[in-house]
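Chemist: Before I ask anything, let me first share the structure, which is written out below as structure tokens.
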Amino acid sequence: RLSTERYYTHAEIISYINDLAVRYPTRVFVKTVGWSYEKRELKTITITNGDGRPNKKVNFMDGGFHAREWISPAAVLYVIDQLVENFENNAELLLDYDWVILPVVNPDGYEYTQTGTVARMFRRTRQPYKYLGVTCHGADPNRNFDFHWAEEGASTTPCTDTYAGPTPFSEPETIVVRDLMHSLSARGIMYLTIHSYGNYLLYPWGWTSDLPDTWEDLDEVARAGADAIEEATGTQYTYGSSTNVLYIAAGASDDYGFYAGFNVSITMELSAGGATGFDPPATKIDEYVKETWIGIRAMAQKLLEKY
Ligand code: 0X9
Ligand code: ZN
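Numbering of the sequence shown is given in mature numbering (1 follows the signal peptide of the UniProt record, and there is no 0), commencing with residue 99 and proceeding in unit increments.
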């Protein structure tokens, strides 16, 4: 069973989902969907109720966009654990919906931050870029999507944290997410991307302060998540459009997923911890992933009513 007492390496995460697919062959399927710049495997786990009905509606979730946000893959793994190992208590979430989950979008960055204290706060991918004679690694994968790319809240200078990349989709990792989105969006209900930190539930748009036509539906889903978490734990989540409650930033995956056709698109920013906010001690994992699941479960329940 999944451990919430320590952070997993990328190799352990891959083994964990492979093992679930072997143990639950009728309900769980894994698929290699691409490779990172440094040739690490990008692998999805699809969770179903095993009834074999094809082309159900789908929720697509990912984690590990930003290298230093270790609580994100941990929380995504806990969602997987609940949907698979605690299936009896969550069967209604899987009756008419499949879940497709990519636990680590940026494994090169995730592994790099595990190499020492200098690397610990690294955010981007690891593809090298030359700038003024020096080599810096990576673009911000959450500024690299081709929707109002680099228009707002992004940098065009390599070596900066929010570097949008030399071109949209310059990073192999964001191409993989884009292609998954387009392959799923015809039946896509929710795109949910897990980040840290700040306790936010953010919906489009992030490239403009304008709200989408369906913003009241997005607000209702986000509010369901925030209310459930506060009621269960007391932790307060702020919800609203990315631009209006956090900051403007174009080229992010949430806006792209919504543009690609998912009814609902949410960035969830989890609880802070440690010295920087991005480094909760391992003793906090269990508490944080459980409060996250309460919110995700409540949002998924709300979707069943609405879509
Ligand atoms: O800036 C980001 O990419 C996200 N925050 S983080 O601290 N995890 O880096 C927020 C993204 C919100 N979405 C948009 N602005 N589109
Ligand atoms: Zn992030």
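All residues carry an ideal CB built from backbone N, CA and C; glycine is no exception.
#1: Report yes if the C-beta of PHE220 is less than 7 angstroms from at least one heavy atom of ligand 2; otherwise report no.
#2: Between which residues of its own chain and THR213 is the CB-CB distance below 7 angstroms, once the five residues before and five after are set aside?
#3: Under DSSP, the alpha helix (DSSP H) around ASN242 begins and ends at which residues?
#4: Would you mind reading off the limits of the beta strand (DSSP E) that contains HIS235?
#5: Among the candidates PRO256, LYS129, TRP247 and ASN242, whose CA atom is the shortest distance from the CA of VAL232?
#6: What are the start and end residues of each continuous beta strand (DSSP E) run of 3 or more residues lying completely inside the region 125–191, in chain order?
#7: Looking at the strands, I want to know which residues DSSP matches up with LYS228.
#8: Beta carbon of GLU136: closer than 7 angstroms to some heavy atom of ligand 4?
#9: What is the DSSP secondary structure of VAL120, reduced to helix, strand or coil?
#10: Among ARG285, SER281, PHE243 and LEU282, whose alpha-carbon lies nearest the alpha-carbon of THR265?
#11: Quick one: Cα of residue 43 to Cα of LYS154, how far?
#12: Does the beta-carbon distance from ILE364 to LEU299 come in below 8 angstroms?
#13: Which stretch, first to last residue, makes up the alpha helix (DSSP H) that contains GLY393?
#14: For LEU100, which residues does DSSP report across the bridge?
#15: Any heavy atom of ligand 1 closer than 7 angstroms to the Cβ of LEU200?
#16: With a threshold of 7 angstroms (Cβ to nearest heavy atom), would LEU316 be considered close to ligand 1?
#17: Identify, in the order they occur along the chain, each residue of the same chain with its Cβ nearer than 7 angstroms to the Cβ of VAL174, setting aside the five sequence neighbours on each side.
Modeler: According to the structure data:
#1: no
#2: none
#3: It is not in any alpha helix (DSSP H) - ASN242 carries neither H nor E in the DSSP assignment.
#4: 232–235
#5: PRO256
#6: 126–133, 139–145 and 155–161
#7: THR233
#8: As presented, the structure is devoid of ligand 4, carrying ligand 1 and ligand 2 as its sole ligands.
#9: helix
#10: PHE243
#11: Examination of residue 43 is not possible in this model, given that the chain is present from 99 through 405 alone.
#12: yes
#13: 383–404
#14: BP columns for LEU100 are empty, so no partner.
#15: no
#16: no
#17: MET159, GLY161, ILE199, PRO201 and ILE292
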